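Using the working numbering, you'd call the opening residue of the first sequence number 765 and step up by one each time.
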Amino acid sequence: MKPFPRSFYERDPAKVARELLGKVLVHRSPEGTTIGKIVETEAYFGRGDPASRASRKRTKLNELMWWRGGLAFIYMVHAKWMFNVTVEREGTPGAVLIRALEPLDGIELMKSRRGVEDKKLLTSGPGRLTQAMGITYDHHKMDLTRSRVLTVLDDTFTNFKIARSHRIGVSADLKRKLRFFIRGNPFVSK
DNA sequence: TCCAGGATGTTCT
DNA sequence: GAACATCCTGGAC
765 MKPFPRSFYE
775 RDPAKVAREL
785 LGKVLVHRSP
795 EGTTIGKIVE
805 TEAYFGRGDP
815 ASRASRKRTK
825 LNELMWWRGG
835 LAFIYMVHAK
845 WMFNVTVERE
855 GTPGAVLIRA
865 LEPLDGIELM
875 KSRRGVEDKK
885 LLTSGPGRLT
895 QAMGITYDHH
905 KMDLTRSRVL
915 TVLDDTFTNF
925 KIARSHRIGV
935 SADLKRKLRF
945 FIRGNPFVSK
């Protein structure tokens, strides 16, 4: 297992969102290592995508969407951290939101960070998984293709079917279905 | 300095 | 499925 190269990320957001399913997110923190399989993602574009933070003016908060692919893009919604990966080449905005993981390792650490025992409640939502994995704004701009701390590894989880739907929690969505998830996986958020 | 809003989560019915 | 707790951010003053 090794990290994806930048060329994996510098492509169409929907394509990257779909191909991130079944891949493995690793966070090596001072408290310990937590690992989860990605089971749910959403793609966000730039101009013309009303749900995207890049459809508005470029600011300090959203500018990472214009940067090169493969970087951790983190922001807060409803007092919860959201973990995204930048996609597309520098100058073209795009990001993929990681919405849910299946816990693989470091489960006791996830439980103590979340304050719950139920494994199903650890990482089945974008705010839940950042808390369980210990991901905060400290990881903003981190390069997932190079970092040893936070990275996405290629893996061999291929035995699953992909389903798609409209994105969740957005007030105005595109016609395209841009939420991807592993069909039947119990850790998908809805 | 104030304050509305937001790619949510939890706890109710 | 609906109410509401949560809290940071940037723009409005």
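Every residue gets a Cβ at the ideal spot worked out from N, C-alpha and C, and that includes glycine. Bear in mind that the values here come from a model prediction, so they are computed numbers and not experimental data.
- In the same chain as residue 926, and ignoring 5 residues on each side of it, the C-beta atoms closer than 8 Å to its own belong to 782, 785, 944, 945, 946 and 947, in chain order.
- Around the beta-carbon of residue 806, 16 or more other beta-carbon atoms lie within 10 Å, marking it buried.
- When DSSP states are grouped into helix, strand and coil, residue 903 belongs to the helix group.
- Shown here, residue 828 sits in a helix according to DSSP, grouped into three states.
- For secondary structure counted as the beta strand (DSSP E) over 3 or more consecutive residues, the region 850-910 holds these complete runs in sequence order: 859-869.
- Contact between residue 902 and residue 787 does not hold, since their C-beta atoms are separated by about 23 Å, which reaches or exceeds 8 Å.
- The three-state secondary structure of residue 917, taken from DSSP, is strand.
- Minimum Cα-Cα distance from residue 921 among the listed residues 908, 779 and 868 corresponds to 868.
- For residue 788, the enclosing beta strand (DSSP E) has its first and last residue at 788-793.
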